[in-house]
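Chains as they are written, first to last, in the working numbering: chain P, 38 to 555; chain G, 48 to 472; chain B, 4 to 368.
One structure below.
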Amino acid sequence: MKEGVISTDTVVGDVAVQLRGITKTFPGVRANYDIDITVRRGTVHAIVGENGAGKSTLMKTLYGMHRPDEGTIEIDGQVVTLRSPSDAIARGVGMVHQHFQLADNFTVLENIILGDEPASRAGVIKMDVARGRIQEIGRAYQLSVDPDALVEDIGVGDRQRVEIIKVLYRGCKTLILDEPTAVLVPQEVEQLFSALAKLKSQGLTVIFISHKLDEVLSVADEITVIRGGTTVTTVLPSEVTARQLAELMVGSELPSPETRESTVTDRKILEVAGVSLANDAGRLVLDDISLTIHAGEVLGIAGVEGNGQAELVETVMGLQKPQAGTVVLGDEDITAWSTRTRREAGIGYIPEDRTRHGLLLEGTLWENRILGHQTEAPNAKGVLIDRKGARADTERIVADYDVRTPGVDVMASALSGGNQQKLIVGREMSGNPRVLVAAHPTRGVDVGAQAQIWDEIRKARVAGLGVLLISADLDELIGLSDHIKVLLRGRFVADADPHTVTPEQLGSAMTGAGGEGS
Amino acid sequence: MSEPRSGTKLGLPTPGDVLSPLALQKRTFKLTGGRLAMLVCALIAVLSLVRIVTGAGELDSAGTIAAAIGFAIPIGMAGLGGLWSERSGVVNIGLEGMMILGTWGAGWAGVTYGPWWGLVAGTLFGALGGLLHAVATVTFGVDQIVSGVAINLLGLGVTQYLSTLVWPGQPTQSPSIPAIPTFTLPWISDTAKSIAQQGWFFVSDVASIVRAITFQVPYTTVIAIALLPITFFILWRTAFGLRLRSCGEAPYAAESLGVNVYLHKYVAVFVSGGLAGFGGAVLATVLSGIYREGQTQGQGFIGLAAMIFGNWRVGGLSAGSLLFGYTQAMQLRSGEAVHALLLVIVIGMVALAAWQLYRRRMVPGIVSLVVAGVVFFWYANTDSVPDQVSYVTPYVATLLVLSLASQRLRMPAADGKPYIKGQDH
Amino acid sequence: MRKLLLALAAPVLALGFALLVTTVILLLSGHPPLEVYRQMWDYGTQPDSIVLTINLSTTYYIAAVAVAVGFKMNLFNIGVDGQYRLAALFAAFVGGHVELPPVLHVGLIIVVAMVVGAMWAGVAAVLKNRRGVSEVISTIMLNYVATGIIAFLLAPDRFAELIEGSNNIGTKPIGPSGQVPGFDVVSGASSQIYGTIVLAVAVGVGFWWMLNRTRFGFDLRASGLSPTAATASGIDAKRMVLFVMLISGALAGLIGIPQLLGAAYTYNLDFPAGLGFTGIAIALLGRNSPIGIIFGSLLWAFLDVSRQILDLSGVSKEIVTIMQGVAVLSVVIAYELVRRYRITAQQRDVGRQLAAEAELAEAAA
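And the structure:
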């Protein structure tokens, strides 16, 4: 068992991690190619790239989750072969994943010591020893947590702290943070950055993966840009602007989510009034929610994940029934309607998690085109499925929405994330919806597809579609919305005008710190 | 994967969800030691009262209680097996088949080599069944329910065939297995017996219980009961147990920390089969004295129900097993005793109704009262209960228990979900 | 073409493996395997055996479809066994006490069977929907409860009468208007093919049509492929559970019909038991597909018929049970392997195809 606190007997400036010529190929896709990165000890080294550029694959290689096809990894000057995360940890490299790897039903302590438990010869866990070590780490790096709290009871920022302590507990001197600020608001980001500074001062090394350029510029000592699976260049933050970095990342014109002329009419298309929803424990996850969307309007909902966005979406879609309040579509009160009836009435749905809620992964593309619209033409005639009609229409969607696929008989799982999402967007738009509920519509989608999807939304908006847009991407929200509302702990706490609000103002509203936006 | 709980409820319970929608019951009724003691006393008091009123001494006689404990052992061992398996994330419907293998192993080895060897053989046979289940589900990723069903079929077939090889003349049952030795605490059990025979309220019933656990108790009972705290200790106090449970809660998190998920699942399912096999062995050796085809009668499944009832914890599992063991014991008792049980149910339902109404749950409260009324009507208008009804008691009890309890439970988060190493989540 | 090969690969592999295991066991117990197989084949291909095989497979087919309807949606109706026996008892009772013109008589019996089967399965559906009880355990429990109910009802002053000259007890026999005649199709056979084979065919066609051509079938398959996506798409999960269980139970009710209307004409202590579990095994063998189950039923029936000869040669019949059990277990493993292979193969193929297209496009540009 290793120490929790590291002593600085190493020189800042030594190379902690050296990647040379790393190449990794998967069936059909070359994820990493000839990657060269030098990470100096005692620094925060950022790796930036757009979605799908290969950052995650690279980090998995460094963390031992798979072996590279070519190239070498050097840790502390020694060439190593990492066969599993345990090897990486043994070498002092620890990873804090983007999606936390925590057992909800375990305590913080159990999560931290799992796999590296202080135990007697017989295998009995020494709880006091464990607790002591965790508290020691907490003091040394100012990362405090309650070891006996159940993980499901603590918040997102705390969970991330648990993940960091997990890594420090194992004596890691190099930390890899994969998109750590994706789920944090600006204030929590500040806390994280000061923690990183403390770690740096203790001689630890941090590899910081992100696509948020402003943050990267403020916290990193060195930045490596990855594009198309390979390293483009390494720069110092003092030498570049965010704009230049972005161009390096994308290599071409930036997608601009800006929308200027207003297409908002005064015809109300969706009205939610006084909706309250309680979860099984009796806690109100939606508290007196009211919103109005007009035809031609995009209403953006900003908020940190877990503040009620998912429940709002489900309430509008009929997947959850509110305890109070009404949902009105056009002139009709649809509060009591089933999901199917709502979809038939013209509510389109782009779900947040396409593989779980939007697609039948083992179904063919034309079967997936039918999904969600089983009762409408061209998919169905009466009680029967119209295969020919569905197939023909799927071909049309594939053509119109540029879904890259050899045919409509392939399984959905064979398509890339961006193409799957394009199929879903095409499917939902084809139903001529009056309202589109789009939850994180470009999450995990490559930049090209993202631009296409934004285009489709804008086109439909001009044609009179109303859109309820939930997104964690503040640029997407600001760029696409005509109006923004901020959701915090189940209530709307602020309204914002996307033309004038800044990400910082939104962030404050999203955490409840500071005043309103706009 | 860990996300802030937002109470989203999309989707059906996944298959192998030997349970309910993801109900997060935060206000669980805290069962402290004191409250547990009170509950037990209340139970004994009710049984005692009904015994005196109806004159059905068999309701909680020493013989009945001993039988209840006896039946609880196979059920409890199967349930314990289920617990080991499901805590590692693998649903094991094949427990019945593994139990059958256990009964056969005990029959064959018990007759040929003696009862203790029979127990060993039964445990091993069951463990082999567990190994098969592990191979199918962990290595090959077959749906866990399907694999369990297939193993039940295979278990039956294999034991049938082996029986024809070993006992060609009479393949549906074995010769008698020599008995397992028992122990008796002479002075205590005799005193208890005489107090029990007095028929006094409450005291005699307690004496019956004492008598039941001190008179001619087979050593297998001791072993089986010991396995309960041993399991608790291993799973909740050791590093191995923590890792095993992590496979059932967050296997990918465990994988990222270097835990060998496949290995732990294999061990868990192997042990699970062994425990079910042991339960079957006890069934054949101690309860029946022979191996007989089809003697498990669904007890493997009842064991699973006991595990669910116990919320995947050892303490609850034990209580559930005792409950179901009692119903099994009643299955063999006189119609009179089962008839008296009806009155117990009436009282129980009335108490339940009172508690529900107190908690302002009007509709369930009224329903309970109505049920109490119907059962009372049945009780008042009959003298005894037909044999077939006693036969179905344990199965109906299982259904009732599951119906009432399912919503307040929390199974391991990754239970029933297939795990493939290297797949992020 | 490749799809067909893949579809066949798994069952063929599994059966081959089962045959291998059986051969080894036979060798170990001192019986010559080839001789045993030859005996079984010779006996099984005699005209009377063929008739018996076809008749058995009729029943097996219905049983497997009843199970498969649920399995397709990952709804495990293990209670088919209790459902069909209960249904057969009630149907026999009603059929025996009623006199109607032939078609109506048969129709009534069938309807009663389907209704009883559906209702018994419905109990499990309600428990699942309302109380979250797993249908696996509840249907198994209900099997035992059904046994108890049947034992209770199959008594002289209730549903049945003592049959003279035997220890048997059974419902009043169904009169000629309720009996379904058979066909003399196989030359050289002394018995007939059940007329109710028509029923089995209808069940099969109906199953296939429902699954592939109707909206309900689409919803069913979607619920099986991804329950979460199905709910998000508007499918009402609880409605599906209820309807599918009712259908499964109704089909289960039909399992006893061939025997009831074609041979026994009564429900008594000899009425075949365990058909539900056979149905489960065959559904697994046939991968829950209407066509696959045909082959599974025929194979299973052939094995069950030809095993009878083994008594004469001193090999215990149960070796066939082992073969069947091993086949089921290996086939589910094989299906899973094939399924995974298909997914990765297609991902790879599509990746390659798209890359090739991209290169072509670049070259052309």
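Note that beta-carbon positions come from the ideal geometry of N, C-alpha and C, so glycine has one too.
Since this is a predicted model, take the numbers as computed values, not measurements.
Residues of chain B whose Cβ lies closer than 7 Å to the Cβ of Gly-204/G are, in chain order, Glu-321, Thr-324, Ile-325, Gln-327, Gly-328.
His-134, His-136, Phe-137, Gln-138, Leu-139, Ala-140, Asp-141, Asn-142, Phe-143: these are the residues of the region 133-146 of chain P whose beta carbon lies less than 9 Å from some beta carbon of chain G, given in chain order.
Nearest to Asp-437/P by alpha-carbon distance, out of Thr-376/P, Ala-186/P, Ile-461/P, Thr-75/P, is Ile-461/P.
Counting only the Cα atoms, Glu-227/P lies some 25 Å from Met-286/P. DSSP places Arg-57/P in the uninterrupted beta strand (DSSP E) bounded by 52-63.
Per the C-alpha coordinates, the member of Gly-79/P, Gly-367/P, Val-269/P positioned closest to Leu-236/P is Gly-79/P. Using a CB distance below 7 Å, the part of the region 284-303 of chain B facing chain G consists of Ala-284, Leu-287, ordered along the chain. Uninterrupted alpha helix (DSSP H) stretches at least 4 residues long and entirely within the region 210-272 of chain B occur at 218-228, 230-235, 240-257, given in chain order. Not a single unbroken stretch of the beta strand (DSSP E) spanning 3 or more residues falls wholly within the region 389-444 of chain G. Annotation for Arg-424/P: the continuous alpha helix (DSSP H) segment containing it runs 424-437. Taking a contact to require three or more Cβ pairs closer than 8 Å, the region 334-345 of chain P and the region 517-530 of chain P qualify as touching. Under a criterion of Cβ atoms nearer than 8 Å, the residues of chain B adjacent to Leu-421/P are, in order, Arg-216, Thr-217, Arg-218. Not one beta carbon of chain G lies nearer than 9 Å to the beta carbon of Lys-210/P.
Contact holds between the region 251-261 of chain B and the region 123-131 of chain B, because three or more Cβ pairs, one in each stretch, are under 8 Å apart. C-alpha of Gln-55/P to C-alpha of Phe-63/P: approximately 23 Å in a straight line.
Think of a sphere of 8 Å around the beta carbon of Val-331/B: the chain G residues whose beta carbon falls inside it are Ala-197, Leu-200, Leu-201, in chain order.
In this structure, the beta-carbon distance from Leu-288/B to Met-76/B does not fall below 9 Å.
Taking C-alpha positions only, Ile-59/P is separated from Lys-249/P by approximately 24 Å. Listed as beta-bridge partners of His-520/P by DSSP are Leu-336/P. Beyond the five residues adjoining it in sequence on each side, Ala-12/B comes within less than 7 Å, by CB distance, of Val-341 in the same chain, given in chain order. Nearest CB-CB separation between Leu-404/G and chain P: not below the 9 Å threshold. Residue pairing for Met-132/P: DSSP places it in a beta bridge opposite Ile-213/P.
Cα atoms of Gly-412/G and Val-322/P: separation of roughly 29 Å, rounded to the nearest angstrom. Every unbroken stretch of the alpha helix (DSSP H) spanning 4 or more residues and falling wholly within the region 289-366 of chain G is given here in chain order: 298-303, 308-329, 346-356. Of the residues Pro-233/G, Glu-105/G, Ala-168/G, the one whose Cα lies closest to the Cα of Gln-244/G is Glu-105/G. In the DSSP assignment, Asp-325/P falls within the beta strand (DSSP E) that extends over 321-331.
Closer than 9 Å at the C-beta level to chain B, one finds these residues of the region 341-353 of chain G: Gln-344, Gly-345, Phe-348, Ile-349, Leu-351, Ala-352. According to DSSP, Asn-69/P shares a beta bridge with Lys-61/P. Distance from the Cα of Ser-132/G is smallest, within the candidate group Trp-151/G, Gly-102/G, Ala-181/G, for Ala-181/G.
Between the alpha carbons of Gly-141/G and Gly-362/G lies a gap of roughly 23 Å. Leaving aside the five residues that flank Ile-126/P on each side, the residues in its chain whose CB is nearer than 6 Å to its CB run, in chain order, Arg-207. In this structure, Ile-384/P is the residue among Ile-384/P, Gly-367/P, Ile-407/P with its C-alpha nearest to the C-alpha of Thr-352/P. Here the region 344-362 of chain P does not lie against the region 177-196 of chain B, with fewer than 3 beta-carbon pairs under 8 Å apart. At a cut-off of 9 Å between beta-carbon atoms, Lys-203/P makes contact with chain G. DSSP places Glu-154/P outside both helix and strand once states are collapsed to three, so it counts as coil. Residue contact check for Leu-151/P against chain G: a CB pair falls below 9 Å.
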